[in-house]
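Protein chains: 2
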Amino acid sequence: MDIAKQLSHIPLFQGLEPQYLETLARIAVKKFFKRGETVFAEGDPGIGFHIITSGRIKVYKTSPDGKEQILHIMSQGEPFGEVPVFTGQRFPAYAEAIADTNTLFMPRDDFMNLIRTEPSVALSMLSVLSMRLKRFTSLIEDLSLREVPGRLAAYLLYLSERDQGTDDINLEISKTQLASILGTIPETLSRILARMTREAIIESDDKRHVRICDRTAIEELAAGERRLA
Amino acid sequence: MDIAKQLSHIPLFQGLEPQYLETLARIAVKKFFKRGETVFAEGDPGIGFHIITSGRIKVYKTSPDGKEQILHIMSQGEPFGEVPVFTGQRFPAYAEAIADTNTLFMPRDDFMNLIRTEPSVALSMLSVLSMRLKRFTSLIEDLSLREVPGRLAAYLLYLSERDQGTDDINLEISKTQLASILGTIPETLSRILARMTREAIIESDDKRHVRICDRTAIEELAAGERRLA
DNA sequence: CGTGCGCTTGACTTTTTTCAATAAAGGTGG
DNA sequence: CCACCTTTATTGAAAAAAGTCAAGCGCACG
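The listed protein sequences correspond, in order, to chains B and L.
Heads up: the first sequence begins at 1 in the numbering used here, then just goes up one per residue.
Heads up: the second sequence begins at 230 in the numbering used here, then just goes up one per residue.
Shown next, in the form of structure tokens:
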């Protein structure tokens with residue numbers, strides 16, 4: 001597919017004039033990653049960043065003994081790996097394809113040149129990084145100030161809201177990965193889902209799906225006004 | 230003092246041409262906050278950001294029951310509160326002066342105009358936000374993958390390194406605030422400092438000072454290769 | 001048709017928090 | 001300069017939350 005056309009659908013480049021899209025299209029490199037493949041590792045030098053055109057990527061940290069904390073899961077249209085482009089340092093985390101994924105790779109130097117001549121791209125990128133800081137802020141708040149049931153409740157509300165307030169939530173990821181997003185382990189998540197089911201707050205099958213039965217209870221859990229028995 | 234001169238010392242504006250410094254100086258507004266005063270609250274609209282010229286600011290989140298997680302402590306030359314400038318949304322956290330503090334306040338619209346005409350400022354700001362993302366990444370890693378002794382050890386190493394590798398570390402903040410940075414409570418921190426002292430890894434008096442006695446042990450704790458008895 | 005991975009559950013351990021009490025330090029006003 | 005009061009730090013005992021280890025189930029995939 002035509003790269004310029006793909007680029008024109010990326011939020012980061014919305015409103016960019018066609019001539020610059022052409023420039024970008026010339027410098028962008030198509031890449032493909034098989035499910036399970038590592039895109040970059042913590043400590044790798046960051047010579048550019050990726051934009052996802054299809055598939056899904058998880059960005060995560062690991063502990064010496066193998067536990068994993070997912071920082072975000074990125075899908076179509078989202079850029080990732082930009083931090084070392086602007087700090088000039090190395091990747092602070094790992095990235096791995098959790099589905100077969102196509103990306104456009106933007107080499108650092110070319111992209112920096114574009115930014116120098118095209119302020120709207122700089123502003124878009126500032127917005128992207130700021131949104132990400134905001135999300136990290138929430139994640140830190142969750143990890144530090146809430147217990148796992150509260151984090152789970154907040155996450156379910158977030159997914160529900162993103163899908164127009166539906167009660168039928170498609171997790172889209174495995175429960176093991178959900179545990180890693182919530183900063184816990186599968187056993188703990190499993191137990192808490194069981195408790196919430198027992199209290200008729202949710203229904204949960206094993207098919208990456210959760211149904212909210214008592215939204216008020218979920219909201220109270222997320223707000224810390226309620227606890228599970 | 231002359232605002233343009235103050236601005237010329239701010240890393241964010243290094244290398245900016247004098248004419249732009251003059252422009253900035255005209256739009257910047259001097260502000261003063263007394264120790265304990267709130268600079269902004271979570272949810273406030275972000276009509277601009279601050280740059281610290283003297284003093285110290287803590288940026289933090291709170292839980293319903295009053296526990297507090299410090300996101301960062303900012304001092305001279307550092308900007309804070311930029312996120313809503315670029316997201317167009319509200320402040321995602323609180324900011325409070327923990328010492329008498331002077332800032333330069335940069336109104337959003339004027340600053341955005343500067344960025345549109347001066348790419349070097351945009352690049353500086355991208356660098357600032359990227360560094361912050363990197364630090365948040367570490368904080369998330371700490372909170373999720375390490376226990377409190379490991380976090381404390383990593384923090385001590387960070388402070389030591391920042392001060393040219395000295396063994397005599399000046400915390401500069403109260404132990405209550407250190408606990409809040411580490412994502413725990415004063416009691417837990419106190420106990421862990423006591424255990425580390427008992428094992429002759431550190432010496433800790435109550436005067437915002439810690440001395441590293443066994444650096445290897447600290448490094449092993451930070452790397453998760455060792456645990457306290 | 002088995003092998004493996006994801007998920008669940010139970011029993012147990014570890015870590016951290018909570019609650020309470022005390023001690024020490026620092027600032028304020030007389 | 002001292003008494004007083006608030007804040008900060010420490011310690012113990014008990015409770016709660018989450019993690020570890022181990023076992024078992026079921027479904028998907030080769």
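Beta carbons: idealized from backbone N, C-alpha and C, even for Gly.
Keep in mind that this is a model prediction, so the values were computed, not measured.
Only residues of its own chain outside the window of five on either side were considered, and among them E297 have a CB closer than 6 Å to the CB of T291 (chain L), listed in chain order. For the C-beta of L343 (chain L), not a single chain B residue is nearer than 7 Å; the gap to the nearest is close to 10 Å. Here the alpha carbon of M360 (chain L) sits roughly 21 Å from the alpha carbon of G394 (chain L).
Within the segment 273-329 of chain L, the runs of alpha helix (DSSP H) at least 4 residues long that lie entirely inside it are, in chain order, 312-316. Sixteen is the threshold: when 16 or more other Cβ atoms of the shown chains lie within 10 Å of the Cβ of S353 (chain L), as they do, the residue is buried. Its Cα nearest to that of A28 (chain B), the residue B:M106 stands out among B:S127, B:N113 and B:M106. Contacts between Q69 (chain B) and chain L, judged by CB atoms closer than 9 Å, involve I369, E370, L372, S373 and L374 in chain order. The DSSP-derived three-state label of S204 (chain B) is strand.
Across the structure, E307 (chain L) and I232 (chain L) are spaced so that their CA atoms are roughly 15 Å apart. For F32 (chain B), the enclosing beta strand (DSSP E) begins and ends at V29 to F33. As computed with DSSP, V210 (chain B) is found in a beta bridge with B:I169 and B:S204. In this structure, B:T101 is the residue among B:T101, B:A179, B:Y94 and B:R135 with its C-alpha nearest to the C-alpha of R56 (chain B). Secondary structure within the segment 142-189 of chain B: the beta strand (DSSP E) runs of 3 or more consecutive residues, fully enclosed, are 168-170 (chain order).
Not flagged as an interface residue toward chain B: A451 (chain L), since no C-beta distance is shorter than 8 Å.
If you look at F111 (chain B), you'll find it isn't in any beta strand (DSSP E); it sits in the alpha helix (DSSP H) that goes R108 to T117. Using a CB distance cut-off of 8 Å, L388 (chain L) does not count as an interface residue toward chain B. Look at L245 (chain L) here: in three-state DSSP terms it is coil, with no helix or strand label. When the Cα atoms are used, R444 (chain L) and L114 (chain B) turn out to be separated by approximately 46 Å. In the DSSP annotation of this structure, the continuous segment of the alpha helix (DSSP H) that includes A451 (chain L) starts and ends at R444 to A452.
With respect to chain B, the C-beta atom of R361 (chain L) has a partner C-beta closer than 8 Å.
As a beta-bridge residue in DSSP terms, T332 (chain L) pairs with L:K260 and L:I281.
When rounded, the separation of the alpha-carbon atoms in L24 (chain B) and I10 (chain B) is 12 Å. The residues Y20, in chain order, have a CB closer than 6 Å to that of E118 (chain B) in the same chain once the five nearest residues on each side in sequence are set aside. According to the DSSP assignment, A4 (chain B) belongs to the alpha helix (DSSP H) that extends over I3 to S8.
Taking the Cβ atoms as the reference, L368 (chain L) lies roughly 31 Å from K259 (chain L), outside the contact range of under 8 Å. One alpha carbon belongs to I185 (chain B), the other to A179 (chain B), and they sit about 5 Å apart. One finds T137 in chain B with Cβ atoms closer than 7 Å to the Cβ of A322 (chain L), taken in chain order. F86 (chain B) has a beta carbon lying within less than 8 Å of a beta carbon in chain L.
Between the C-alpha atoms of E390 (chain L) and H438 (chain L) there is a straight-line separation of about 15 Å. Ranked by how close their Cα comes to the Cα of M303 (chain L), the residues L:K436, L:I327, L:R427 and L:F320 have L:I327 in first place. Per the coordinates, the alpha-carbon of H279 (chain L) lies some 47 Å from the alpha-carbon of T197 (chain B). Comparing alpha-carbon positions, the option among B:E219, B:I202, B:E96 and B:F91 lying closest to I52 (chain B) turns out to be B:E96. The contact set of V312 (chain L) on chain B, defined by CB atoms closer than 7 Å, consists of S130, L133 and K134 in chain order. Taking CB atoms only, K290 (chain L) has a neighbour in chain B less than 8 Å away. Scanning chain L for C-beta atoms nearer than 8 Å to the C-beta of L16 (chain B) yields nothing, as the closest lies near 14 Å away.
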